[in-house]
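Residue numbers (the working numbering): -5 to 121.
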């Protein structure tokens, strides 16, 4: 299954934590938000994940490059969609539309949402 993690935002409400890093890399309980999001998706069978990046995108790219060695989930393919200009939610998904060209349902997940929602049941409701 495919998913997109929205991680391009400026994180203005988390300042000063986001003055030198993207919101996606702010730590909660010792792990970056992005690590929690990827793990959550992987635990529910999502194997292809695209992450949009705008604010400090080089940090997101470095995190993605090191993710498997640090956190595991080798079965998960991670792709970064760079946004030179901030595109908001719909624009970010539109820019990454090529990633979802198989016509299958996909999940869009905000990087700052921490939940125990059963993502498989959510996907099943849309098939």
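Heads up, the beta-carbon is just placed ideally off N, CA and C, and yes, glycines get one too.
Which residue from 82, 79, 38 puts its Cα closest to that of residue 110? 38
Fully enclosed by the stretch 36 to 116, which alpha helix (DSSP H) runs are 4 residues long or longer? 51 to 65, 82 to 89
Going by DSSP, which residues form a beta bridge with residue 22? 25
Looking at C-alpha atoms only, which residue of 64, 82, 30 is the closest neighbour of residue 48? 82
N-terminal and C-terminal residue of the beta strand (DSSP E) that residue -4 is part of: -4 to 0
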